[in-house]
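A.B. asks: Residue numbers (the numbering used here): 11 to 355.
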Amino acid sequence: MKPVLKNLRTTLLACTSLLAATLYSSATLAQTTAPATIPSSFLGTYNLTYSSAQAGSPLTNGTAVSVVIGPGGALCLAGINLSNPVLHNGNPHEATWSYAAADIAISVSSLVNGFNEINVSKASTIGTSSSKFYGQLSGSKVSTSTTGCSATPAPTTPDPAKVQQLFDLAQQKLAQYFSPTGASATQVNGDYTYRFYSATNVYLAISKGEIYVMGGQFGNQPVKQGPLEAILSELAKMPVTIPEVPSGNSTLVITGRVGTNGFNVDIGAITIDNLPMPASGDIDDVRKAVEDQYKNSGITGTIAVTLISSSSSKIVFNIKFNGAITQSGFTLTQNYDITYTYTKK
Numbered sequence: 011m012k013p014v015l016k017n018l019r020t021t022l023l024a025c026t027s028l029l030a031a032t033l034y035s036s037a038t039l040a041q042t043t044a045p046a047t048i049p050s051s052f053l054g055t056y057n058l059t060y061s062s063a064q065a066g067s068p069l070t071n072g073t074a075v076s077v078v079i080g081p082g083g084a085l086c087l088a089g090i091n092l093s094n095p096v097l098h099n100g101n102p103h104e105a106t107w108s109y110a111a112a113d114i115a116i117s118v119s120s121l122v123n124g125f126n127e128i129n130v131s132k133a134s135t136i137g138t139s140s141s142k143f144y145g146q147l148s149g150s151k152v153s154t155s156t157t158g159c160s161a162t163p164a165p166t167t168p169d170p171a172k173v174q175q176l177f178d179l180a181q182q183k184l185a186q187y188f189s190p191t192g193a194s195a196t197q198v199n200g201d202y203t204y205r206f207y208s209a210t211n212v213y214l215a216i217s218k219g220e221i222y223v224m225g226g227q228f229g230n231q232p233v234k235q236g237p238l239e240a241i242l243s244e245l246a247k248m249p250v251t252i253p254e255v256p257s258g259n260s261t262l263v264i265t266g267r268v269g270t271n272g273f274n275v276d277i278g279a280i281t282i283d284n285l286p287m288p289a290s291g292d293i294d295d296v297r298k299a300v301e302d303q304y305k306n307s308g309i310t311g312t313i314a315v316t317l318i319s320s321s322s323s324k325i326v327f328n329i330k331f332n333g334a335i336t337q338s339g340f341t342l343t344q345n346y347d348i349t350y351t352y353t354k355k
């Protein structure tokens with residue numbers, strides 16, 4: 011049993027290192043949003059022309075587009091109905107709608123000075139240092155008609171019994187991602203019903219009958235997994251093959267700094283209780299496990315795992331990383347300098 015327990019312990023050590031690493035995403039790319047109120051003077055139909063097209067743009071220069079801004083925060087174009095516009099980072103001039111299926115953001119300005127233009131950009135980069143601008147729609151309002159464009163109706167509430175079954179099966183069959191320990195209560199945010207699993211920094215959610223995961227090794231944007239019924243069927247057939255990670259008698263405190271594209275932040279102290287106590291001889295295994303975890307997450311760069319101190323009651327080691335990850339067509343530089351302190355109870 012000792013080799014098995016050691017493998018599980020090493021995997022856990024690697025996972026806790028990634029826990030701090032993934033926190034950089036929400037910390038350094040964090041942004042504030044607030045619901046946007048669209049002035050009544052904006053409601054109507056607009057005939058616009060696309061220009062300033064950049065690489066990756068969904069449209070070419072000169073494309074004519076009819077856009078309708080409807081009541082209740084609705085925006086309609088190209089047969090797509092969008093709703094729930096937001097203001098990013100306190101900017102009162104632009105209301106932004108997101109079309110998640112194509113990772114497109116539509117930003118109308120200026121809410122303060124009157125209609126001027128619509129900017130098109132990559133939704134997942136809005137408010138970040140790597141914001142990706144695609145192009146611009148300009149023109150004028152041709153009528154006050156908003157026929158056929160209204161706020162998207164509220165989605166049908168999912169069957170509570172099936173939602174509960176989803177979380178129960180996921181926590182039973184895929185505990186390495188959705189550990190019951192530290193799982194949040196079921197919560198609702200907009201169209202999403204979800205739980206957050208703090209042990210792995212992962213979200214499991216359902217929206218409009220589709221299942222999504224986000225966080226940890228799944229990245230910073232919701233990743234669609236499939237329809238609820240199909241996922242439930244697969245989970246029901248899946249055998250339980252992942253053993254529980256053994257509990258231990260130590261407390262881990264993670265501290266340090268993480269950054270992306272030159273912007274660094276302190277992550278604060280993250281405390282995880284009841285972990286197996288590592289030994290100094292585990293550091294080489296930890297280094298290998300961390301390298302494998304980063305490789306599997308698509309992160310490339312230089313990793314250094316250093317033992318700072320070791321005693322019968324405390325072990326301290328540090329992980330430094332400099333590298334990059336490419337997501338959704340753009341590259342983020344990353345650097346971590348994180349210290350792990352295990353203290354025996």
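Note that CB positions come from ideal geometry on N, CA and C, so glycine has one too.
Kindly indicate which residue of N126, L214 and A115 has the alpha-carbon position closest to the one of H103.
C.D. replies: When each option's Cα is compared against that of H103, the closest is N126.
A.B. asks: Can you confirm whether the stretch 46–56 touches the stretch 71–79 when touching is taken to mean that 3 or more C-beta pairs between the two stretches lie within less than 8 Å?
C.D. replies: Because the criterion of three Cβ pairs below 8 Å is met, the stretch 71–79 and the stretch 46–56 touch.
A.B. asks: Sort I116, M287 and F206 by Cα distance to N91 and report the nearest one.
C.D. replies: For N91, the nearest C-alpha among the options comes from I116.
A.B. asks: Does the Cβ-Cβ distance between Y204 and F188 come in under 7 Å?
C.D. replies: Not closer than 7 Å, so no.
A.B. asks: Who pairs with F331 in a beta bridge, going by DSSP?
C.D. replies: Paired residue(s): I313 and Y346.
A.B. asks: Comparing alpha-carbon positions, which option in L147, L97 and T47 lies nearest S61?
C.D. replies: Considering only alpha carbons, the answer is L147.
A.B. asks: With respect to the alpha helix (DSSP H) encompassing E10, which residues constitute its N-terminal and C-terminal limits?
C.D. replies: Past the boundaries of the shown model lies residue 10; the chain is included only from 11 to 355, so the question cannot be answered.
A.B. asks: In whole angstroms, give me the CA-to-CA distance for A171 and A289.
C.D. replies: Their Cα atoms are separated by approximately 45 Å.
A.B. asks: Determine, using beta carbons only, whether I313 and F331 come nearer to each other than 7 Å.
C.D. replies: Contact flag set, yes.
A.B. asks: Which one or two residues does DSSP pair with E220 in a beta bridge?
C.D. replies: According to DSSP, E220 bridges with S217 and P237.
A.B. asks: Which of the three DSSP states is assigned to D283 in this structure?
C.D. replies: Strand, per DSSP.
A.B. asks: Could you please give the first and the last residue of the uninterrupted beta strand (DSSP E) stretch that includes V84?
C.D. replies: A quick correction: the sequence has Ala, not Val, at residue 84. First-last of the beta strand (DSSP E) with A84: A84 to L87.
A.B. asks: In terms of residue numbering, what span does the beta strand (DSSP E) encompassing A74 cover?
C.D. replies: Run containing A74: A74 to G80, per the beta strand (DSSP E) assignment.
A.B. asks: Does the contact criterion of 3 or more C-beta pairs under 8 Å hold for the stretch 173–186 versus the stretch 236–248?
C.D. replies: Output reads yes: the stretch 236–248 touches the stretch 173–186.
A.B. asks: Could you tell me which of S51, E220 and A215 sits nearest to T156, measuring between CA atoms?
C.D. replies: Considering only alpha carbons, the answer is S51.
A.B. asks: Using the rule of at least 16 other Cβ atoms within 10 Å of the residue's Cβ for burial, across every protein chain shown, is N199 buried or exposed?
C.D. replies: It counts as exposed.
A.B. asks: With DSSP run on the structure shown, which of helix, strand or coil describes K2?
C.D. replies: Residue 2 is absent from the structure shown; the chain starts at 11 and stops at 355.
A.B. asks: Helix, strand or coil: which one does DSSP assign to I293?
C.D. replies: Correct three-state label for I293: helix.
A.B. asks: Got a sec, what are the start and stop residues for the beta strand (DSSP E) L92 sits in?
C.D. replies: Segment I90 to L92, the beta strand (DSSP E) holding L92.
A.B. asks: Where do the ends of the alpha helix (DSSP H) carrying A180 lie?
C.D. replies: P170 to K183 is the span of the alpha helix (DSSP H), which, as asked, contains A180.
A.B. asks: Between I114 and I318, what straight-line distance do the alpha-carbon atoms span, to the nearest angstrom?
C.D. replies: Each residue's alpha carbon lies about 46 Å from the other.
A.B. asks: Quick check on DSSP: helix, strand or coil for F52?
C.D. replies: F52 falls in the helix class under three-state DSSP.
A.B. asks: In angstroms, rounded to a whole number, what distance separates the CA positions of T73 and N129?
C.D. replies: Going by the C-alpha atoms only, they are around 14 Å apart.
A.B. asks: Below 8 Å on the Cβ atoms is my guess for T196 versus T265; work out the distance and round it to an integer in Å.
C.D. replies: The Cβ separation is near 32 Å, so there is no contact.
A.B. asks: Thinking C-beta only, is D283 closer than 7 Å to T310?
C.D. replies: Taking 7 Å as the Cβ cut-off, T310 and D283 do not qualify as a contacting pair.
A.B. asks: Could you check where the beta strand (DSSP E) with K132 kicks off and where it finishes?
C.D. replies: From DSSP, the beta strand (DSSP E) with K132 extends over E127 to K132.
A.B. asks: Can you tell me where the beta strand (DSSP E) holding F206 begins and where it ends?
C.D. replies: Y202 to Y207 is the span of the beta strand (DSSP E), which, as asked, contains F206.
A.B. asks: Please work out which residues of its chain come closer than 8 Å, Cβ to Cβ, to P13, disregarding the five sequence neighbours upstream and downstream, and give them in chain order.
C.D. replies: Residue placement at P13 is poorly supported in this model, since its pLDDT is 39, which falls under 50; the coordinates still yield a value, given next. If we look at P13 and ignore the five residues flanking it on each side, it has no Cβ neighbours.
A.B. asks: Within its chain, find whatever has a CB closer than 8 Å to the CB of I241; leave out the 5 residues flanking it on each side and keep chain order.
C.D. replies: Cβ neighbours of I241 beyond the five flanking positions: L176, I221 and Q235.
A.B. asks: Hey, could you find the ends of the beta strand (DSSP E) A115 is sitting in?
C.D. replies: Note, A115: beta strand (DSSP E), I114 to S119.
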